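Chemist: Protein sequence lines, in the order shown, are assigned to chains A and B. Reminder that position 173 of the first sequence reads as 173 in our numbering, one-by-one numbering, no gaps. Reminder that position 73 of the second sequence reads as 345 in our numbering, one-by-one numbering, no gaps. The structure under discussion is supplied below as structure tokens; questions concerning it will follow.
Protein chains: 2
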Amino acid sequence: MTSVRLRIDLAYDGEPWAGFARQPDRLTVQGTLEGALTRITGQPVASVCAGRTDRGVHAIAQVVHVDLDRAHPRVARATHDLEVLRFRLDRMVGDAITIWQVREVGDDFSARFSATERGYRYRLVDGEVVDPIRRHDRWHVGEPLGVPAMRAGAKLLLGEHDYAAFCRNRQRRTTVRRLDEVTLTRPQPGTIHVRLAGPAFCHQMVRAIVGCLVEVGLGKESPDWIGEVLLAQDRSLAARVAPAHGLTLERVGYGRRYPAAPPASGRRGGAD
Amino acid sequence: MTSVRLRIDLAYDGEPWAGFARQPDRLTVQGTLEGALTRITGQPVASVCAGRTDRGVHAIAQVVHVDLDRAHPRVARATHDLEVLRFRLDRMVGDAITIWQVREVGDDFSARFSATERGYRYRLVDGEVVDPIRRHDRWHVGEPLGVPAMRAGAKLLLGEHDYAAFCRNRQRRTTVRRLDEVTLTRPQPGTIHVRLAGPAFCHQMVRAIVGCLVEVGLGKESPDWIGEVLLAQDRSLAARVAPAHGLTLERVGYGRRYPAAPPASGRRGGAD
Chain A
1 MTSVRLRIDL
11 AYDGEPWAGF
21 ARQPDRLTVQ
31 GTLEGALTRI
41 TGQPVASVCA
51 GRTDRGVHAI
61 AQVVHVDLDR
71 AHPRVARATH
81 DLEVLRFRLD
91 RMVGDAITIW
101 QVREVGDDFS
111 ARFSATERGY
121 RYRLVDGEVV
131 DPIRRHDRWH
141 VGEPLGVPAM
151 RAGAKLLLGE
161 HDYAAFCRNR
171 QRRTTVRRLD
181 EVTLTRPQPG
191 TIHVRLAGPA
201 FCHQMVRAIV
211 GCLVEVGLGK
221 ESPDWIGEVL
231 LAQDRSLAAR
241 VAPAHGLTLE
251 RVGYGRRYPA
261 APPASGRRGG
271 AD
Chain B
273 MTSVRLRIDL
283 AYDGEPWAGF
293 ARQPDRLTVQ
303 GTLEGALTRI
313 TGQPVASVCA
323 GRTDRGVHAI
333 AQVVHVDLDR
343 AHPRVARATH
353 DLEVLRFRLD
363 RMVGDAITIW
373 QVREVGDDFS
383 ARFSATERGY
393 RYRLVDGEVV
403 DPIRRHDRWH
413 VGEPLGVPAM
423 RAGAKLLLGE
433 HDYAAFCRNR
443 QRRTTVRRLD
453 EVTLTRPQPG
463 TIHVRLAGPA
473 FCHQMVRAIV
483 GCLVEVGLGK
493 ESPDWIGEVL
503 LAQDRSLAAR
513 VAPAHGLTLE
523 RVGYGRRYPA
533 APPASGRRGG
543 AD
């Protein structure tokens with residue numbers, strides 16, 4: 001097969017989908033994207049993604065790759081002009097998914113395995129009220145959170161650890177990960193952003209960490225408790241995971257060889 | 273009647289409602305707010321608002337007043353602690369409406385007639401793509417807009433004029449208004465914000481103005497055309513009104529005697 005590998009950079013509103021990953025009889029981001037590619041090329045298409053997000057989680061910078069057989073005339077036509085393909089795809093997948101860019105990559109590039117860094121942002125509102133038009137991507141905790149205590153707890157998570165206490169569905173795979181960044185900021189009164197970055201994350205690790213940080217921010221637990229949960233490697237000690245809709249996959253890094261999609265218009269600024 | 277007048281500052285996501293104004297058998301912001309107040313007080317409640325927004329239009333700073341009869345025991349109880357009343361109301365009206373503040377005002381205050389300034393913001397995206405989670409409050413024009421030409425056209429609208437060409441449903445009432453501000457900014461690449469302010473606006477005036485500015489920005493009309501439309505006072509000459517979901521009522525001013533609600537937590541910054 002004269003195969004061509006395409007890298008697709010996309011964003012989505014997590015709300016309308018049963019998560020990223022394809023499922024029979026459910027509307028998913030992956031299923032919708034693959035379905036559109038199949039309608040365009042006439043070929044079955046299977047995609048590989050950088051970070052499988054759960055139901056309700058948003059992405060501003062998800063990355064996917066697909067292999068297509070260029071020997072097929074409809075594939076050859078569709079991949080002739082990749083900006084035209086991007087435009088058609090973007091139309092077909094509807095308003096809740098945006099296709100930033102489609103480009104050809106070598107077959108040594110994997111959206112999943114070539115990724116060296118994943119970055120997430122979790123939005124918290126600790127004011128009494130939340131702007132209703134912005135309620136879809138932030139968790140309204142509704143009680144004041146102590147950011148210094150949360151920062152002290154977050155610091156204990158940095159570096160390489162066994163994050164078993166913060167992972168779901170481990171299925172006997174390793175839960176050792178490296179966390180390079182957990183930063184808390186207040187972009188405006190009543191709002192806290194938690195940014196997390198590392199080479200890879202376990203299932204629900206970000207939401208489990210944020211859930212614990214909120215307990216500390218509320219004063220129900222001390223910052224040191226975060227370290228105790230981590231060391232105990234026992235998920236039952238951790239807090240409930242933070243709701244999915246506050247979380248956004250914000251960055252996937254592949255090193256210098258594969259740069260990110262150029263800053264697309266209408267893309268969110270960090271301050272928001 | 274020992275009446276008490278309450279001023280209510282609120283925000284709403286315009287999407288789920290058939291507009292602000294009460295309508296039989298339709299879900300509206302006003303109907304929902306009045307219904308909640310009636311359930312709390314046991315009394316029929318009629319409200320007066322600063323700016324009746326159309327279906328789909330959002331508000332970050334709407335103002336309403338209501339009169340309640342304090343002689344009624346349930347009203348006396350409900351108005352005893354206005355922060356408790358705010359909290360109850362906020363709960364009852366659901367996620368798509370936020371009650372920022374409830375306070376007692378003199379009966380010389382009218383949410384509608386005491387207002388000296390109304391401020392709106394219209395969000396345009398002229399990049400090829402739009403962040404899907406932010407698509408609910410901006411119009412995705414999708415073609416590059418020339419801001420300098422739009423600014424030149426906007427300038428011709430400032431001051432006191434007969435805005436008949438930009439008004440719907442005039443019903444023989446005057447369409448003379450004063451426009452104090454039409455400012456265009458690019459908070460980020462691909463995004464344009466149009467801010468408009470004046471003592472009062474006709475029905476759909478903001479959306480009609482933005483519709484015409486977009487024609488100019490696309491190069492379909494010259495900036496001077498805006499002045500011609502204004503002078504002709506003929507609505508059929510103007511462009512189609514811009515879609516409702518790009519518009520947000522952002523500010524209602526009452527002068528120094530009646531300050532705005534304090535910056536509420538989780539409230540949008542202008543840069544977004």
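Don't be surprised by glycine CBs; every beta carbon is placed ideally from N, CA and C. These numbers come from a predicted model, not from an experiment.
To the nearest angstrom, how far is it from the Cα of A480 (chain B) to the Cα of W411 (chain B)?
Modeler: Near 14 Å, if we compare the C-alpha coordinates of W411 (chain B) and A480 (chain B).
Chemist: Establish whether the CB of R88 (chain A) and some CB of chain B are separated by less than 8 Å.
Modeler: Not closer than 8 Å to any Cβ of chain B, the Cβ of R88 (chain A) fails to qualify, so no.
Chemist: Should W289 (chain B) be flagged as near chain A, meaning a C-beta pair shorter than 8 Å?
Modeler: Not an interface residue.
Chemist: Can you tell me which of the three DSSP states S222 (chain A) falls into?
Modeler: Coil, per DSSP.
Chemist: Which one of A:L37, A:L237, A:A238, A:V130 has the shortest CA to CA distance from L82 (chain A)?
Modeler: Nearest C-alpha to L82 (chain A): A:L37.
Chemist: Taking its Cβ as the centre, do 16 or more other Cβ atoms sit within 10 Å of P259 (chain A), making it buried, or is it exposed?
Modeler: Burial call: exposed.
Chemist: At what residue ranges does the region 42 to 129 of chain A contain a whole run of the alpha helix (DSSP H), taking only runs of 4 or more?
Modeler: 73 to 78, 82 to 92, all fully within the region 42 to 129 of chain A.
Chemist: Between the region 96 to 125 of chain A and chain B, which residues of the former have CB atoms less than 8 Å from a CB of the latter, in chain order?
Modeler: Under the 8 Å Cβ criterion, the region 96 to 125 of chain A contributes A96, I97, T98, I99, W100, V125.
Chemist: What does the Cβ neighbour count give for L503 (chain B), buried or exposed, with the cut at 16 atoms within 10 Å?
Modeler: Result: exposed.
Chemist: When DSSP labels each residue in this structure, what does H245 (chain A) get in the three-state scheme?
Modeler: H245 (chain A) falls in the helix class under three-state DSSP.
Chemist: For R134 (chain A), does the three-state DSSP call read helix, strand or coil?
Modeler: If DSSP states are grouped into helix, strand and coil, R134 (chain A) belongs with the helices.
Chemist: Let me know the secondary structure DSSP gives V141 (chain A) once reduced to three states.
Modeler: Correct three-state label for V141 (chain A): coil.
Chemist: Taking the beta carbon of G525 (chain B) as the centre, do at least 16 other beta carbons fall within 10 Å, making it buried, or is it exposed?
Modeler: That one is buried.
Chemist: Under the rule that 16 or more other beta-carbon atoms within 10 Å means buried, what is A71 (chain A), buried or exposed?
Modeler: A71 (chain A) is exposed by the Cβ-count criterion.
Chemist: Taking the alpha carbon of W225 (chain A) as the point to measure from, which residue in A:A11, A:R151, A:A111, A:G31 has its own alpha carbon closest?
Modeler: W225 (chain A) has its Cα closest to that of A:R151, out of A:A11, A:R151, A:A111, A:G31.
Chemist: Go ahead and pull the three-state DSSP assignment for P459 (chain B).
Modeler: In this structure, P459 (chain B) counts as strand in the three-state DSSP scheme.
Chemist: What does P404 (chain B) reach in chain A if we use C-beta pairs closer than 7 Å?
Modeler: A11, Y12, D13, D95, A96, I97, T98, listed in chain order.
Chemist: Give me the Cα-Cα distance between D434 (chain B) and Q505 (chain B), rounded to the nearest whole angstrom.
Modeler: Taking the straight line joining both Cα atoms gives about 7 Å.
Chemist: Against chain A, which members of the region 326 to 341 of chain B pass a CB distance test of less than 7 Å?
Modeler: Listed by position, the residues of the region 326 to 341 of chain B near chain A (Cβ gap below 7 Å) are H330, I332.
Chemist: Show which residues of chain B have a CB atom less than 9 Å away from the CB atom of R135 (chain A).
Modeler: Result: D285, D367, A368, T370, G538.
Chemist: Within the chosen definition, does the region 187 to 200 of chain A reach the region 109 to 122 of chain A through at least 3 CB pairs nearer than 8 Å?
Modeler: In short, these stretches touch, since the Cβ pair count reaches three.
Chemist: What residue from A:G255, A:R5, A:L249, A:R257 has the CA that sits closest to D54 (chain A)'s CA?
Modeler: Per the Cα distances, A:L249.
Chemist: Chain B beta carbons: is any one of them nearer than 8 Å to that of V147 (chain A)?
Modeler: By this cut-off, V147 (chain A) is not an interface position.
Chemist: Looking at the secondary structure, which residues open and close the beta strand (DSSP E) in which L6 (chain A) lies?
Modeler: First-last of the beta strand (DSSP E) with L6 (chain A): 3 to 12.
Chemist: Hey, could you find the ends of the beta strand (DSSP E) R177 (chain A) is sitting in?
Modeler: Its beta strand (DSSP E) spans residues 176 to 179.
Chemist: Taking the alpha-carbon of T32 (chain A) as reference, which of A:T98, A:G51, A:T2, A:I60 has the nearest alpha-carbon?
Modeler: T32 (chain A) has its Cα closest to that of A:T98, out of A:T98, A:G51, A:T2, A:I60.
Chemist: Which value, in whole angstroms, describes the spacing of the CA atoms of H408 (chain B) and C474 (chain B)?
Modeler: Going by the C-alpha atoms only, they are around 24 Å apart.
Chemist: Figure out for me which residue from A:G106, A:G94, A:V105 has the closest Cα to the Cα of P404 (chain B).
Modeler: The candidate whose alpha carbon is nearest that of P404 (chain B) is A:G94.
Chemist: According to the neighbour-count rule (16 or more other Cβ atoms, all chains shown, within 10 Å of its Cβ), is V501 (chain B) buried or exposed?
Modeler: Classification for V501 (chain B): buried.
Chemist: Kindly identify the DSSP beta-bridge partner or partners of D40 (chain A).
Modeler: In the sequence as presented, Asp is not what sits at residue 40 (chain A); that position holds Ile. Paired residue(s): none; I40 (chain A) is not in a bridge.
Chemist: Run down chain B in chain order and give the residues with a C-beta less than 7 Å from the C-beta of V206 (chain A).
Modeler: Here the premise fails: no neighbours, minimum Cβ distance about 17 Å.
Chemist: Using a Cβ-Cβ cut-off of 8 Å, state whether V129 (chain A) counts as contacting chain B.
Modeler: Yes, contact with chain B.
Chemist: Can you check DSSP and say which residues form a bridge with D162 (chain A)?
Modeler: Note: D162 (chain A) sits in a beta bridge opposite A:V176.
Chemist: From what residue to what residue does the alpha helix (DSSP H) around C167 (chain A) run?
Modeler: That residue, C167 (chain A), is in no alpha helix (DSSP H); it is neither H nor E in DSSP.
Chemist: Using 8 Å as the cut-off, can you tell me whether the region 58 to 77 of chain A makes contact with the region 2 to 18 of chain A, which would need three or more C-beta pairs spanning the two stretches below that distance?
Modeler: Enough Cβ pairs lie closer than 8 Å, so yes.
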